[in-house]
Amino acid sequence: MPELPEVETICRDLRKKIINKKIVSISVKKKNLIKQSVTGFKKKLVGNKIISIDRRGKLIIINLSTGNYLLIHLKMTGQLIYQQKDNIIAGGHGLPRPEQGLPSRFSHIIFIFSDKSQLFFNDIRQFGYMQIVDKEELDLVIDNYGIEPGLKNFTLDNFNNVLKNRKTSIKALLLNQKVIAGIGNIYADEICHLSSVRPMRRINTLTNDEKKKLWKYSTTVINNAIKKRGTTFSDYVDADGHSGSYVGHLKVFGKQGSHCTSCSKGVIKKIRHAGRGTHYCPNCQK
DNA sequence: CCTTGTGTTCTCCG
DNA sequence: CCGGAGAACACAAG
208 MPELPEVETI CRDLRKKIIN KKIVSISVKK KNLIKQSVTG FKKKLVGNKI
258 ISIDRRGKLI IINLSTGNYL LIHLKMTGQL IYQQKDNIIA GGHGLPRPEQ
308 GLPSRFSHII FIFSDKSQLF FNDIRQFGYM QIVDKEELDL VIDNYGIEPG
358 LKNFTLDNFN NVLKNRKTSI KALLLNQKVI AGIGNIYADE ICHLSSVRPM
408 RRINTLTNDE KKKLWKYSTT VINNAIKKRG TTFSDYVDAD GHSGSYVGHL
458 KVFGKQGSHC TSCSKGVIKK IRHAGRGTHY CPNCQK
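Structural data, given as structure tokens:
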């Protein structure tokens, strides 16, 4: 599940691989993954060079030489895997991993560069998408994203401001991309755990100390996860097809039934909250 | 009344 | 069933 740290890892990888490369052709095998006609999509991409690669929340923004932008959202199970021409061996069935061969049956869109290297957009569940926008449309899209751990706007003051007058739960707010961008289900649970706050706590009941911890651990968790190149729980891999290792640092996500390693007294509980599987320690999270 | 905020459910797919 | 996140919808308060 790519959240901010996983998407950031992919962006950093891709910058080293495809900047200045020219797209010579594109294969679209599933047209429902692009938000426009296949012909329009190809017309706007083929012949372009990749100028730069950016990210806002979980959205990848690729700046093209024509001045348009290719937006890529990986949603649940999307992958972007880059392969030099010598490594490309058609896979067909197994998992969408390079060692299984690419393209696989989940390689729905493939970019081919002038040096014959390729970028595979794989997606098992097909929730992800690609879309080409101009600068004006890009600005509108970006405006819909809230403050973001790692950006200058993620100050304690701004964090307290977005929490002000909200009646929802802290987890629902952490997941709301319009308010706070980049945090998904795994890191929301981890941030709440390290802050000793239950995910379903109403925001108006949080103490100043708890809010400060939530703000601090939002940045800590996200930054540590970036250092570990993300969390691979099921399908996430980086641009080389490798897993992230933050999974070894998870305290609550997927730990239901285990003893809490923070307080060593509680047993991690899994419930459903804010429409998501939610994990917490009933002993040390209040 | 209408607008705004918020919460809930549905949708895509394997 | 699960789930990222937008859409559609329901409801409440100003």
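Counting from 208, one number per residue, gives the positions in the first sequence under the working numbering.
Using N, Cα and C, we set each Cβ at its ideal position, and we do this for glycine too.
Counting along the chain, L240 sits inside no beta strand (DSSP E), nor does DSSP assign it H or E at all. Beta-bridge analysis with DSSP links F320 to I230. Excluding five sequence positions before and after K238, the CB atoms of its chain that fall closer than 7 Å to its own CB belong to V245, given in chain order. The beta carbon of M337 lies closer than 6 Å to those of I241, I279 in the same chain, with the five residues before and after it left out.
Contact check for I429 against V404 fails: the beta carbons are separated by 9 Å or more. For the pair F320 and K229, the CB atoms are nearer than the 9 Å cut-off.
Residue range 392–401 is occupied by the alpha helix (DSSP H) that includes Y394.
Counting C-beta pairs with one atom in each stretch, the segment 386–393 and the segment 407–418 have fewer than three that are closer than 8 Å, which means they do not touch.
The continuous stretches of alpha helix (DSSP H) do not include N383, and DSSP gives it neither H nor E.
Classified as buried, Q286 has 16 or more neighbouring CB atoms from the shown chains inside 10 Å of its CB. If you check the CB distance, A388 and R219 do not come in under 9 Å.
F366: member of the alpha helix (DSSP H) spanning 363–370, first to last residue. Secondary structure at D350: helix, using DSSP grouped into helix, strand and coil.
In its chain, beyond the 5 residues on either side, S403, V404, R405 have a beta carbon closer than 7 Å to the beta carbon of K493.
In this structure, V214 sits near K265, with a CB-CB distance shorter than 9 Å. Around the Cβ of T438, a 10 Å sphere holds 16 or more other Cβ atoms; the residue is buried.
Considered as a whole, the segment 429–469 harbours no complete run of any beta strand (DSSP E) with no fewer than 3 residues. L309 carries a coil assignment under DSSP once its states are collapsed to helix, strand and coil. By the CB criterion at 9 Å, L309 and L277 fall outside the cutoff.
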